[in-house]
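Peer 1: Take any residue in the sequence shown, count from 1 to its spot, add 637: that is its number in this note's numbering. We put the beta carbon where it would ideally sit given N, CA and C, even for glycine. Just so we're clear, the structure is a prediction, and the values are computed from it rather than from any experiment.
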Amino acid sequence: MSSWLVAVLLTGLVLSEPLVARQETVYMAVLNSRKHRIGALDNPTVGLFVSTDAGASWQHKGWTGYIRTFYTEAGSNGTIWSACGNGVLRSTDNGKTWRITTGGDVTEVLKVKVSPSSPKTVYAATAYGVFKSTDHGTTWQQRNKGFGKPFVADLLIDRSNEKRVFAATEEGVFVSSNGGDQWRVAGLKGKGIRFIAQDPGNTARLLVGTEEDGINISEDGGKTWYPSNTGLRHLTVYVIAMDPWAPAKVYLGTHGGGVYRSDDGGKSWTQKSEGLQNPDVHALSVIPSSSNTILAGTLNGGLYRSVDGGETWQFNSQEEAQVWGLSVR
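1) Report buried or exposed for Y941, applying the criterion of at least 16 other Cβ atoms within 10 angstroms of its Cβ.
2) Indicate the three-state DSSP secondary structure (helix, strand or coil) for F952 in the structure shown.
3) Anyone know if the C-beta pair for M665 and V923 falls short of 8 Å?
4) Going by DSSP in three states, S964 sits in which element: helix, strand or coil?
5) In terms of DSSP beta bridges, what is D900 paired with?
6) Under the three-state reduction of DSSP, which class applies to T944: helix, strand or coil?
7) In the DSSP output, what is G912 paired with across the bridge?
8) Assign Y708 to buried or exposed, taking buried as 16 or more other Cβ atoms, counted over all protein chains shown, within 10 Å of its Cβ.
9) Excluding the 5 residues preceding and the 5 following G946 in the sequence, name in chain order all residues of the same chain whose CB lies nearer than 6 Å to its CB.
10) Quick check on DSSP: helix, strand or coil for H919?
11) Quickly, what does DSSP pair V725 with across the bridge? List them, please.
12) Looking at V874 and T847, is the spacing between their C-beta atoms short of 8 Å?
13) From which residue to which residue does the beta strand (DSSP E) around Y760 run?
14) Within this structure, are the beta carbons of A764 and V749 separated by less than 8 Å?
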């Protein structure tokens, strides 16, 4: 059996691919920028940007509209999904061209997730609940049975059972055992959950980022949960990223606290924000071919890059921009 990489990237972005050392393509979603360049149509400041050198340099590509996050299909020949305010977009040519797949009833999309072994099955997390497609985005159906308030910030498809889907909501963690047809509370009832991640080496181990309460962890597939905030202030955690080569190394992007790192699988945390001028981090990506290279997208501060595992950061690109999504193919 081949090893698999499950890199947990911004805003709930999950990329599943065979774990091999190679040169990746990195995609970045820039939602808004305070900078307005002369000739912006030829040199845009928002939309989709692409890097083929681990984030050292970037080129604008194919879209100048509103994008929150990406999902890059595992094993596909260029299929990328994006979550937008007006629905779900799909590109089949690595982001050169896009088309919207949803109707007017699917808006305020926060995340898109695709079943790794059945790519026709696509889920969208939205401010109005979960929508599901079983025909690669041709049609969509709302799947909210069992939810209270339907605001869903993130989704996680269980790698050990793809019918099992977790939802991060304003009212805790919910789980479905039948592909989203019905939902029930899985834990942390009443807590606002921003992000949910699965350990690359242990599918029973889940980590969630909360609103103003740091990290909670489950060791039994979501049956029980415990807080794990040693060294971590009670911060809102927007994003969790794990080193694919060393899963015990975990990074957090937080509101107001910058980046935190754990070297023991989330038992304890240390702030790693030297050089990071903006403390609101919404996107994180560990570059698999060079796991000491980390990218951090900030709110109104652009993109930062670390080449020493987060010890120090340097401004990289998109000054004063909102970087909401990072994805590695």
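Peer 2: On the basis of the supplied data:
1) As a working note, residue 941 is residue 304 in the sequence shown. When all chains shown are included, Y941 counts as buried.
2) The residue given as residue 952 occupies position 315 in the sequence shown. Looking at F952 - three-state DSSP - the assignment turns out to be strand.
3) For the purposes of this step, residue 665 is taken as residue 28 along the sequence shown, with counting starting at 1. For the purposes of this step, residue 923 is taken as residue 286 along the sequence shown, with counting starting at 1. Against a cut-off of 8 Å, the Cβ pair of V923 and M665 comes out as no contact.
4) What you label residue 964 is simply residue 327 of the sequence shown in a count that begins at 1. S964 falls in the strand class under three-state DSSP.
5) Working through the sequence shown from its first residue, we reach residue 900 at position 263. DSSP lists no partner for D900.
6) For this step, residue 944 is matched to residue 307 along the sequence shown. Residue identity check: residue 944 is Val in the sequence provided, not Thr. For V944, the secondary structure class from DSSP, reduced to helix, strand or coil, is coil.
7) In the sequence shown, counting from the first residue as 1, residue 912 sits at position 275. G912 is not bridged to any residue.
8) Residue numbering aside, residue 708 sits at position 71 when the sequence shown is read from its first letter. Y708 comes out buried.
9) On the sequence shown, residue 946 is found 309 positions in, with the first residue counted as 1. So the qualifying residues of the chain are N929.
10) As a first step, residue 919 is located in the sequence shown; it is residue number 282 there, counting from the start. DSSP places H919 in strand when its eight states are reduced to three.
11) On the sequence shown, residue 725 is found 88 positions in, with the first residue counted as 1. DSSP lists A720 as partners of V725.
12) Locating residue 847 in the sequence shown gives position 210, counting from the first residue. Locating residue 874 in the sequence shown gives position 237, counting from the first residue. In this structure, V874 lies closer than 8 Å to T847 by Cβ.
13) Counting from 1 along the sequence shown, the entry for residue 760 is found at position 123. Per DSSP, Y760 belongs to the beta strand (DSSP E) from V759 to T763.
14) Within the sequence shown, the letter at position 127 stands for residue 764. Within the sequence shown, the letter at position 112 stands for residue 749. Not closer than 8 Å, so no.
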